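Numbering (this note's numbering), first residue to last: 269 to 868.
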């Protein structure tokens, strides 16, 4: 492994310092870093609006866009469906599922959506929800009520199965195949049109080491199968794979940093060597913000493995909604210079926003690690895109977006640099068909692969990520939204309103005006942990002596040393126990009302 350079260490410190950076100050810096003058921004808005018009007039929107147009988070029914889908991930039994379905489906007005969608699948779903809602919502009286009650009881298992099947059917639209072989076969059609693929094996984080080994084997087998489709050894032209570190170790968390990093590095390095041998690209996916610093330890060590020299396919995913996104790109640039080869960087907006907001509020941190407004994430994306294009000789830019303005702005900034766009399978197809018809840009499709039981979690993330009425996926097919509004300039949006979302309570103000939230520390972040450790340092030297307080005058045993179970070398103090006979005496005396006597 190569030694870390001073530039790499300085960039890492900048990342840590920016974790909870002031949002307004951060966005002001990012707006400057994007270096998009008013004229260029106007051209990007005009190009984006033109793309929206062409998508609406010259092509059919995808199922996700159609579904979200009808059932977005701006409708009661859309909210009910999102809640239902998200909650089904954690429902433990059939009885609870039935109650949940009744609660979310019955009160909604499904009839108003009937026949309005251009998609037959969405219309069919509306029919099913309308009938289900009427069955569940029928109060009934007397014999009719009894019959309706029987119908409800008999119907609940059917309804439960129908809802689950509807979610699976919707999920299949966004998963390329149940196996890597079926996905590769299905991908051939789009590859013939000039697209490439990045495959992702579906599944949530490993819970056990057996899970981790199963995911490792799945990645290994997928890389072997994908390599058979490679042409030459240029990862930019070949299909690739994305891997999640949380799938490869059940304790991928900062509290287990020493052990999990030591275990992950050889596993990831072995997968990278396999990808190198096949001429593929391998991207390490971004996950929650509290795992970012931990992931950089793994990334640095794997990237520095000399057996990967001359391979330009090692990649990292960066989430623009994080306030550290630009410093992460600067760090990756320093890493590229340290190892002497190109690193692929997939720039995404981010898919865990709601989780990050709630986690910060629960912890009571000083602010959020992500931007609180969509326009803020968009401006961050532009600044990161500029940085990637500036460093295109060392970092290979991969711009993952379904937003017409983002596409147009990237093309405005590109100035002939080599890059590629990326989109999700099942989303953005119409947009990129229009883009590629006008300009010969490269586009890679991020394609999830997995069995039916793994679909729901992925589907829920996509629905929550794109369900807001401000999302491009929601607006693109909505003729009531003018093209120039769909293609709105995020810089202008931030200039018209405060950069911080005032409707979103900052973590310290979660319970305002009743009280301030309890202050907390995000111990997954090294800077916060160091501050916490310093604050508790005076107690670290203390040694405690514990002894029984009893109602009987009994002699405790000799003192025994007590160590911190989380750090056995840390001596907490001593404890003096009493033996079983003395304990029996204490119980007897207590029952007889003997007064307390201090221990000897």
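Cβ coordinates follow ideal geometry from the N, Cα and C atoms, glycine included.
Predicted, not measured: the structure shown is a model, and the values here were computed from it.
Where does residue 654 sit, in a helix, a strand or coil, going by DSSP?
In the three-state reduction of the DSSP assignment, residue 654 falls in the helix class.
Taking residue 557 and residue 638 to be in contact with their CB atoms under 8 Å, please state how far apart those CB atoms are, rounded to whole angstroms.
Contact flag correct, Cβ pair sits at about 7 Å.
Flag this pair as yes or no: are the beta carbons of residue 513 and residue 280 separated by less than 9 Å?
Contact: no.
Using DSSP bridges, identify the partner residues of residue 467.
Answer is 509, 715.
Check the C-beta distance from residue 699 over to residue 673 and give it rounded, since I have them as a contact under 8 Å.
With 8 Å as the limit, residue 699 and residue 673 do not qualify as a contact, their Cβ atoms being about 11 Å apart.
Find the nearest neighbour of residue 813 within the set 843, 594, 789, 643, judged by alpha-carbon distance.
Per the Cα distances, 843.
Cα-Cα separation between residue 820 and residue 521, rounded to whole angstroms
Within the model, the alpha-carbon separation for residue 820 versus residue 521 is close to 47 Å.
Tell me the rounded alpha-carbon separation between residue 554 and residue 801.
If you draw a straight line from the Cα of residue 554 to the Cα of residue 801, it comes to about 28 Å.
From residue 845 to residue 586, what does the alpha carbon distance come to, in whole angstroms?
Each residue's alpha carbon lies about 54 Å from the other.
Helix, strand or coil, according to DSSP, for residue 838 in the structure here?
Looking at residue 838 - three-state DSSP - the assignment turns out to be strand.
Rounded straight-line distance, which links the Cα of residue 764 to that of residue 713
Each residue's Cα considered, the two are about 35 Å apart.
8 Å contact criterion, which residue 323 and residue 752 should meet: CB distance rounded
Residue 323 to residue 752, Cβ: 14 Å. No contact.
Would you list, in sequence order, the uninterrupted beta strand (DSSP E) runs of no fewer than 3 residues that lie entirely inside the segment 514-553?
Correct list: 549-552.
Measure the CB-CB distance between residue 550 and residue 604 and report whether it falls below 9 Å.
Cβ distance not < 9 Å, so residue 550 and residue 604 don't count as in contact.
Alpha carbon to alpha carbon, what distance is there between residue 661 and residue 610?
Taken atom to atom, the span from the alpha-carbon of residue 610 to that of residue 661 is near 7 Å.
Verify whether the separation of the beta carbon atoms of residue 276 and residue 602 is less than 9 Å.
Judged by their CB atoms, residue 276 and residue 602 are nearer to each other than the 9 Å cut-off.
For residue 529, which residues in the same chain have their Cβ closer than 8 Å to its Cβ, ignoring the five residues on either side in sequence?
Around residue 529: 562, 565, 566, 569.
Here's the rule: buried if 16 or more other CB atoms are within 10 angstroms of the residue's CB, otherwise exposed. What is residue 705?
By the neighbour-count rule (16 or more Cβ atoms within 10 Å), residue 705 is not buried but exposed.
Return the chain-ordered list of same chain residues with a C-beta closer than 7 Å to the C-beta of residue 822, the five sequence neighbours on each side being excluded.
Listed in chain order, the non-local C-beta contacts of residue 822 below 7 Å within the same chain comprise 846, 850, 853, 854, local neighbours out to five positions each way being set aside.
Can you list, in chain order, the residues of its chain with a C-beta nearer than 6 Å to that of residue 719? Leave out the 5 residues immediately preceding and following it.
Answer for residue 719: 446, listed in chain order.
Just to confirm the assignment, what range does the beta strand (DSSP E) spanning residue 250 have?
Outside the displayed span of the chain (269 to 868) sits residue 250, for which this structure offers no information.
Of the listed residues 787, 804, 443, 545, nearest to residue 578 (C-alpha basis)
Between residue 578 and the set 787, 804, 443, 545, the nearest pair of CA atoms involves 545.
What did DSSP end up calling residue 846 once you bin it into helix, strand or coil?
Coil, per DSSP.
Report the partner residues of residue 660 according to the DSSP bridge assignment.
In the DSSP output, where bridge partners are listed per residue, residue 660 has none listed.
Nearest to residue 470 (by Cα), restricted to the options 837, 757, 715:
For the residues 837, 757, 715, the minimum Cα distance to residue 470 belongs to 715.
To the nearest angstrom, how far is the alpha carbon of residue 861 from that of residue 816?
The straight-line gap from Cα to Cα measures roughly 18 Å.
DSSP beta-bridge partners of residue 491:
Per DSSP, none; premise fails for residue 491.
Report the three-state DSSP secondary structure of residue 699 (helix, strand or coil).
Residue 699 carries a helical assignment under DSSP once its states are collapsed to helix, strand and coil.
Are residue 618 and residue 645 touching if we call contact CB-CB under 9 Å?
Cβ atoms of residue 618 and residue 645: closer than 9 Å.
Suppose the cutoff is 6 Å on Cβ atoms and the five residues either side in sequence are ignored; what does the same chain contact list for residue 696 look like?
Residues 670 of the same chain have their beta carbon placed closer than 6 Å to that of residue 696, with the five preceding and five following residues left out of the count.
Candidates 598, 710, 655, 702: closest to residue 284 by CA position
Checking every option, the nearest Cα to that of residue 284 belongs to 598.
Given that a residue counts as buried once 16 or more other Cβ atoms are within 10 Å of its Cβ, and exposed if not, what is residue 831?
The residue is exposed, with fewer than 16 neighbouring Cβ atoms inside 10 Å.
Output the residue ranges of the alpha helix (DSSP H) runs that lie fully inside the segment 586-673 and measure 4 residues or longer, sorted by chain position.
DSSP runs (the alpha helix (DSSP H)) wholly in the segment 586-673: 593-607, 621-631, 642-658.
Using the DSSP secondary-structure output, state which residues sit across from residue 481 in a beta bridge.
According to DSSP, residue 481 shares a beta bridge with no other residue.
Considering just the uninterrupted stretch of the beta strand (DSSP E) at residue 830, what are its terminal residues?
For residue 830, the enclosing beta strand (DSSP E) starts and ends at 828-832.
By alpha-carbon positions, which one of 615, 632, 616, 636 ends up nearest to residue 622?
Ranking 615, 632, 616, 636 by Cα distance to residue 622 puts 636 first.
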